[in-house]
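Residues are numbered in my numbering as their position in the sequence shown, beginning at 1, plus a constant of 9. Read the structure below first, then the notes.
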Amino acid sequence: MRRRRRDGDEPFAEINIVPFTDVCLVLLIIFMITANFIATGQGLNIELPVAASALADTGGQAVVFITGEGHVYLNADRLEPDALRARLLEAAREDPEMVVVVSADRKVPYERVVDVLDAVRMAGVSYLALAAETREAER
């Protein structure tokens, strides 16, 4: 079978979309991975204190993170304690059985943790938990 030479003025008969599909799939995978880190707060550098009685995360809670610099995050949003109280108040109205997990870096001053705990209680949240790593995880 003989191929005909193409003139420079002829339009392409086909467009190869395989490279485009490859790039789209790679971008989709990157998006899915980073969205998971953002949603769970794994992008924050927090060193949890260690406790022998720590339990595994069961999911389905609102998580308040306190970084080593004292910044407060509700899930992935950085907030001040007053704004935290307002956001938790809204969430507690929607779900009275909501559990709030406070995950504070071990270097955070105790006063900052108490401010956050006070904001959680003032929001009317009945169920509160403090995050910690198990002793076996420290080794």
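Even glycine gets a Cβ: it sits at the ideal position worked out from N, Cα and C. Small disclaimer: the values here were computed from a predicted structure and weren't measured.
Can you name the residues that DSSP bridges to residue i?
{"i": "Arg87", "result": "Tyr82"}
{"i": "Ile75", "result": "Val81 and Ala113"}
{"i": "Val108", "result": "Tyr136"}
From the options, pick the residue whose C-alpha is nearest to that of residue i; which is it?
{"i": "Gly77", "options": "Asp114, Leu36 and Gln70", "result": "Asp114"}
{"i": "Arg102", "options": "Glu120, Arg87, Ala132 and Val73", "result": "Ala132"}
{"i": "Val73", "options": "Leu37, Glu142, Lys116 and Val129", "result": "Val129"}
{"i": "Asp91", "options": "Arg121, Lys116 and Val117", "result": "Arg121"}
{"i": "Leu137", "options": "Val108, Val81 and Val123", "result": "Val108"}
{"i": "Ser135", "options": "Leu126, Leu37 and Glu142", "result": "Leu126"}
{"i": "Pro105", "options": "Ala71, Ala22, Leu37 and Thr143", "result": "Ala71"}
Could you check where the beta strand (DSSP E) with residue i kicks off and where it finishes?
{"i": "Ala138", "result": "Tyr136 to Leu139"}
Give every residue of the same chain whose Cβ lies closer than 7 angstroms to the Cβ of residue i, excluding the five residues on either side of it in the sequence, and list them in chain order.
{"i": "Asn25", "result": "none"}
{"i": "Leu98", "result": "Ala132 and Gly133"}
{"i": "His80", "result": "Arg87"}
{"i": "Ala100", "result": "Ala71 and Met107"}
{"i": "Val117", "result": "Ile75, Gly77 and Gly79"}
Would you give the residue range spanned by the alpha helix (DSSP H) that residue i belongs to?
{"i": "Ala128", "result": "Tyr119 to Met131"}
So, at 6 angstroms on beta carbons, what are the nonlocal neighbours of residue i in its own chain, with the 5 sequence-adjacent residues on each side left out?
{"i": "Asp86", "result": "none"}
{"i": "Gly68", "result": "Residue placement at Gly68 is flagged as unreliable, the pLDDT there being 42, under the threshold of 50; the coordinate-derived value follows with that caveat. Around Gly68: no qualifying Cβ."}
{"i": "Phe40", "result": "none"}
Would residue i count as contacting chain C if we go by Cβ distances under 8 angstroms?
{"i": "Pro118", "result": "In the structure shown, chain C does not exist; there is a single protein chain."}
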